[in-house]
Amino acid sequence: MKRPTSPVLISMMLITDLAQAGDSTSRAMNWNAIGMFLLFVTLTLCITRWAALRTRTTSDFFTAGGGLSGMQNGLAIAGDMISAASFLGITAMMFMSGYDGLLYSLGVLAGWPIILFLIAERLRNLGKYTFADVVAYRLEQTPVRITSAFGTLTVALLYLVAQMVGAGKLIELLFGIDYLYAVMLVGVLMVLYVTFGGMLATTWVQIIKAVMLLSGTSFMAFMVLKHFGFSTEAMFAAASQVHAKGTAIMAPGGLLSNPIDAISLGVGMMFGTAGLPHILMRFFTVRDAKQARKSVFYATGFIGFFYLLLIVIGFGAITMVGTEPMFRDAQGAIIGGGNMIAVHLAQAVGGSLFLGFISAVAFATILAVVAGLALSGASAVSHDLYACVMCKGEASETAQMLVSRAATLVIGILAVGLGLLFESQNIAFLSGLVLAIAASVNFPVLFLSMFWKGLTTRGAVAGSLAGLVSAVALVILSPTVWVKVLGFDSAVFPYSNPALFSVGLAFFCAWWFSVTDRSTRAEHERGRFMAQFVRSMTGIGATGANHH
72 MKRPTSPVLI SMMLITDLAQ AGDSTSRAMN WNAIGMFLLF VTLTLCITRW
122 AALRTRTTSD FFTAGGGLSG MQNGLAIAGD MISAASFLGI TAMMFMSGYD
172 GLLYSLGVLA GWPIILFLIA ERLRNLGKYT FADVVAYRLE QTPVRITSAF
222 GTLTVALLYL VAQMVGAGKL IELLFGIDYL YAVMLVGVLM VLYVTFGGML
272 ATTWVQIIKA VMLLSGTSFM AFMVLKHFGF STEAMFAAAS QVHAKGTAIM
322 APGGLLSNPI DAISLGVGMM FGTAGLPHIL MRFFTVRDAK QARKSVFYAT
372 GFIGFFYLLL IVIGFGAITM VGTEPMFRDA QGAIIGGGNM IAVHLAQAVG
422 GSLFLGFISA VAFATILAVV AGLALSGASA VSHDLYACVM CKGEASETAQ
472 MLVSRAATLV IGILAVGLGL LFESQNIAFL SGLVLAIAAS VNFPVLFLSM
522 FWKGLTTRGA VAGSLAGLVS AVALVILSPT VWVKVLGFDS AVFPYSNPAL
572 FSVGLAFFCA WWFSVTDRST RAEHERGRFM AQFVRSMTGI GATGANHH
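Oh and the sequence shown: position 45 is 116 in the numbering used here, straight run, nothing missing.
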């Protein structure tokens, strides 16, 4: 089964809408969506203006001055994690496979205990703006920050490609404008949010988006439960009766048919979540480690609630969408493909007005993620590369802000260019690749730097590079790309998910190149571990990476 990703899902939605372009309901939906879209953009631009007046320093720009509450930051983190891909894709998986889709949704939540118990508080105590602050705390600045920044930029740009294509296609449909101008519009909005509003504007865009998506899914779930007399037993029974697989949808199936692929997928989802740079940098936006911990608690609650709602939506749609002829074409297939299930259900429970709202939410979801990714990329360039590597920690705040905004503009241009380049390409593999890279290049080194005395600069660099190269290479050699995209008969690497192997290789290389490092520098780095560990636990000690 093709794994759900933003561009694929949004494209499916657009295919359906275009097929129904002559239908009056479709036109009404588009006008509703346009109105809600314009309302959202106007509101967020006002927030950007408000945030710009409060963004004066690098701390304001990168971390919103460190003044967010745990509740606010938790909602913003949830906004980063509950995406259009989750809403549309996991609903589609439950509609088609039942229990397997439920397992997929639970995999996303599995990464949060790692972030809560292992990373959040220590990250806040050790870092300032980026997770590279933590990795470089007791290691050599230049090589560690260069590799960390390269990993961050790789993850951000790959993620941006998928988001830009999805958002561009959506705007193209709603306004009837050329795809080129649609992608440029998205790029301009992204640059405006980040350049002028920084983290404060990006955070509030995420919060608004999260509230919109949670409200929309809550309404859908309520209407589904109402349809079945608020009985989940009746809902599951009805789904089993009408589904082609019968009661088999209530048991594990295809997702677990290949245990190695399933485990590898789980590794990527768990460790990838804990290695996404735009998620990690959110822990620097709160006042202290206590608020960082609260952020994860709130985020876990919101994300968990969202995925519980998806269970109701997915299984309810089996009956409410699957048995309705209006949602099927002449051949009996779901119009637009399986990924249209959530959109069809929105029309079934709320009519064209609610369908317009869901379309606007899909755009809001993508735009909010795009802004967060751009900010994480800009922080890697201005803080890690410019301020700490090029200027050796002596860069002025004015210069850092200037470089940050210039980097945002460059990232925006790159995102638009890549969005145009990949418009017609099969980029379904990008979602798995992003998580695999984040899990492989960021998480092993971040984890070892905080918990293993033996990590050295040589090990950290080797681990990051090994994870990055192996994750990219294995995805290219996997069936997803080698067979489906490049057209070869059989894949060189038999599994679709590389994380189990690339993460393992990253840990091994970091360990091996550290234990074989007998240099004087390595001995000093091992000796500084205790000072780092104490500060990570208490927040008391030297002030971060520039202290040596």
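Think of the CB as a built atom: it goes at the ideal place given N, C-alpha and C, for glycine as much as any other residue.
Original post:
Can you tell which of Gly106, Arg195, Leu347 and Phe579 has the C-alpha that lies nearest to the C-alpha of Gly141?
Top reply: Here the question's residue 141 lines up with position 70 in the sequence shown. Residue Arg195 is the option with its Cα nearest to Gly141.
Subject >> Buried/exposed call for Ile405, threshold 16 Cβ in 10 Å >> reply: For this step, residue 405 is matched to residue 334 along the sequence shown. Buried, by the Cβ-count rule.
Subject >> Residues bridged to Val357 (per DSSP) >> reply: Numbered from its first residue, the sequence shown carries residue 357 at position 286. According to DSSP, which records beta bridges pairwise, Val357 is partnered with Leu139.
Original post:
Where does Gln312 land, buried or exposed, given buried means 16+ other C-beta within 10 angstroms?
Top reply: Your numbering for residue 312 matches position 241 in the sequence shown. By the 10 Å Cβ count, Gln312 comes out exposed.
Subject >> Straight-line Cα distance separating Arg599 from Leu489 >> reply: On the sequence shown, residue 489 is found 418 positions in, with the first residue counted as 1. On the sequence shown, residue 599 is found 528 positions in, with the first residue counted as 1. About 42 Å.
Subject >> Range covered by the alpha helix (DSSP H) that runs through Thr527 >> reply: Counted from its first residue, the sequence shown places residue 527 at position 456. Looking at the DSSP string, Thr527 is not in any alpha helix (DSSP H), and its letter there is neither H nor E.
**OP:** Under 7 Å Cβ to Cβ from Leu173, same chain only, skipping five residues before and after it: list those, please.
**Re:** Here residue 173 refers to the residue found at position 102 when the sequence shown is read from its first residue. Excluding residues within five positions, the ones whose Cβ falls inside 7 Å are Met165 and Ile382.
**OP:** Return the first residue and the last residue of the alpha helix (DSSP H) that Gly343 is part of.
**Re:** Counting from one through the sequence shown, the residue named residue 343 turns up at place 272. Pro330 to Thr344 is the extent of the alpha helix (DSSP H) around Gly343.
**OP:** Please list, in chain order, all residues of the same chain as Ser95 whose beta carbon is under 8 Å from its beta carbon, the five residues on each side excluded.
**Re:** The residue labelled residue 95 in the question sits at position 24 within the sequence shown. The pLDDT assigned to Ser95 is 34, lower than 50, so where the model puts this residue is not dependable; a value taken from the coordinates is nonetheless given after this. Counting only Cβ-Cβ distances below 8 Å, and skipping sequence neighbours, we find nothing.
**OP:** Please go through the stretch 442-496 and give each complete beta strand (DSSP E) segment of 3 or more residues, from N-terminal end onward.
**Re:** none
**OP:** Measure the C-alpha to C-alpha separation of Thr201 and Leu545 and round it to an integer number of angstroms.
**Re:** In the sequence shown, residue 201 corresponds to position 130, counting from 1. In the sequence shown, residue 545 corresponds to position 474, counting from 1. Roughly 28 Å separates the two Cα atoms.
Original post:
Smallest Cα separation from Val441: which of Gly136, Gly422 and Ile350?
Top reply: Counting from 1 along the sequence shown, the entry for residue 441 is found at position 370. Nearest C-alpha to Val441 among Gly136, Gly422 and Ile350: Ile350.
Original post:
Does the beta-carbon of Tyr264 have 16 or more other beta-carbons within 10 angstroms, so that it is buried, or is it exposed?
Top reply: Counting from 1 along the sequence shown, the entry for residue 264 is found at position 193. The residue in question, Tyr264, is buried, as its Cβ has 16 or more Cβ neighbours within 10 Å.
Original post:
Mind checking Trp102: buried by the 16 CB within 10 Å criterion, or exposed?
Top reply: For the purposes of this step, residue 102 is taken as the residue at position 31 of the sequence shown. It counts as exposed.
**OP:** Hey, could you find the ends of the alpha helix (DSSP H) Ala310 is sitting in?
**Re:** Looking up residue 310 in the sequence shown gives position 239. Per DSSP, Ala310 belongs to the alpha helix (DSSP H) from Thr303 to Val313.
Original post:
Going by the CB atoms, is the gap between Ser520 and Val205 shorter than 8 Å?
Top reply: For this step, residue 205 is matched to residue 134 along the sequence shown. For this step, residue 520 is matched to residue 449 along the sequence shown. Yes, these two residues count as a Cβ contact at 8 Å.
**OP:** Look at the alpha carbon of Thr479 and the alpha carbon of Gln143, and state the distance between them as a whole number of angstroms.
**Re:** As a first step, residue 479 is located in the sequence shown; it is residue number 408 there, counting from the start. As a first step, residue 143 is located in the sequence shown; it is residue number 72 there, counting from the start. C-alpha separation (whole angstroms): 24 Å.
Subject >> Environment of Gly93 [buried if 16+ CB atoms lie within 10 Å] >> reply: Residue 93 sits at position 22 when you count from the first residue of the sequence shown. Low per-residue confidence applies at Gly93: pLDDT is 32, beneath 50, and the placement is therefore not dependable, though the value from the model is reported in the following sentence. When all chains shown are included, Gly93 counts as exposed.
Original post:
So, is the C-beta of Ala442 closer than 8 Å to a C-beta in chain D?
Top reply: Absent here is chain D; the protein component of the structure consists of one chain.
**OP:** Please report how far the alpha carbon of Leu189 lies from the alpha carbon of Ala486, in whole angstroms.
**Re:** Counting from 1 along the sequence shown, the entry for residue 189 is found at position 118. Counting from 1 along the sequence shown, the entry for residue 486 is found at position 415. Using only the alpha carbons, I get a separation of about 33 Å.
Subject >> Cβ-based neighbour list, Ser450, same chain, cut-off 6 Å, excluding 5 preceding and 5 following >> reply: Reading the sequence shown from its first residue, position 379 is the one you call residue 450. Only Phe133, Tyr200 and Thr201 meet the Cβ criterion.
Subject >> Val574 burial status per 10 Å Cβ neighbour count (16 or more: buried) >> reply: For the purposes of this step, residue 574 is identified with residue 503 of the sequence shown, where counting begins at 1. Under this definition Val574 is a buried residue.
**OP:** Pick helix, strand or coil for Ile153, following the three-state DSSP scheme.
**Re:** In the sequence shown, residue 153 corresponds to position 82, counting from 1. In the structure shown, Ile153 sits in coil (DSSP, three-state: anything other than H, G, I, E or B).
**OP:** Assign Ala402 to one of two classes, buried (16 or more other C-beta atoms within 10 Å of its C-beta) or exposed (fewer than that).
**Re:** Sequence index remark: in the sequence shown, residue 402 carries index 331 (1-based). This sequence places Gln at residue 402; Ala is not what is there. Burial call: exposed.
Subject >> Simplified DSSP state of Arg399, which is helix, strand or coil >> reply: Taking the sequence shown and counting its residues from 1, one reaches residue 399 at position 328. When secondary structure is reduced to three states using DSSP, Arg399 falls in the strand class.
Original post:
Would you report the Cα separation of Thr356 and Leu146, rounded to the nearest angstrom?
Top reply: Along the sequence shown, read from residue 1 onward, the residue named residue 356 stands at position 285. Along the sequence shown, read from residue 1 onward, the residue named residue 146 stands at position 75. Rounded to the nearest angstrom, the two C-alpha atoms are 13 Å apart.
**OP:** For Thr609, count neighbouring C-beta atoms within 10 Å of its own C-beta (all shown protein chains included) and say buried if the count is 16 or more, exposed if not.
**Re:** On the sequence shown, position 538 is the one that residue 609 refers to. A residue is called buried once 16 or more other Cβ atoms fall within 10 Å of its Cβ, and Thr609, having fewer, is exposed.
Original post:
How about the stretch 459-473 and the stretch 297-304: do they share at least three Cβ pairs that are nearer than 8 Å?
Top reply: no
Subject >> Buried/exposed call for Ile389, threshold 16 Cβ in 10 Å >> reply: Along the sequence shown, one-based indexing puts residue 389 at 318. Buried, because 16 or more other Cβ atoms sit within 10 Å of the Cβ of Ile389.
Subject >> Leu557, buried or exposed, once every other Cβ within 10 Å from all chains shown has been counted against 16 >> reply: Your numbering for residue 557 matches position 486 in the sequence shown. By the 10 Å Cβ count, Leu557 comes out exposed.
**OP:** Assign Phe604 to one of three DSSP states: helix, strand, or coil.
**Re:** Reading the sequence shown from its first residue, position 533 is the one you call residue 604. Correct three-state label for Phe604: helix.
Subject >> Rounded straight-line distance, which links the Cα of Leu424 to that of Ala531 >> reply: The residue you call residue 531 lines up with position 460 of the sequence shown. The residue you call residue 424 lines up with position 353 of the sequence shown. Their backbone Cα atoms lie some 52 Å apart in a straight line.
Subject >> Residues near Val481 by beta carbon distance below 7 Å, same chain, minus five either side >> reply: Indexing the sequence shown from 1 puts residue 481 at position 410. So the list is empty, once near-sequence residues are dropped.
Original post:
Span of the alpha helix (DSSP H) holding Ser289?
Top reply: To locate residue 289, count along the sequence shown from 1; it is residue 218. Looking at the DSSP string, the run of the alpha helix (DSSP H) that includes Ser289 is Gly269 to His298.
Original post:
Is it the case that the Cβ atoms of Thr218 and Ser535 are separated by a distance below 8 Å?
Top reply: Taking the first residue of the sequence shown as 1, we reach residue 218 at position 147. Taking the first residue of the sequence shown as 1, we reach residue 535 at position 464. Contact flag set, yes.
Original post:
Counting only runs that start and end within the stretch 164-215, where is the alpha helix (DSSP H) found for 4 or more residues in a row?
Top reply: 170-180, 191-197 and 203-206
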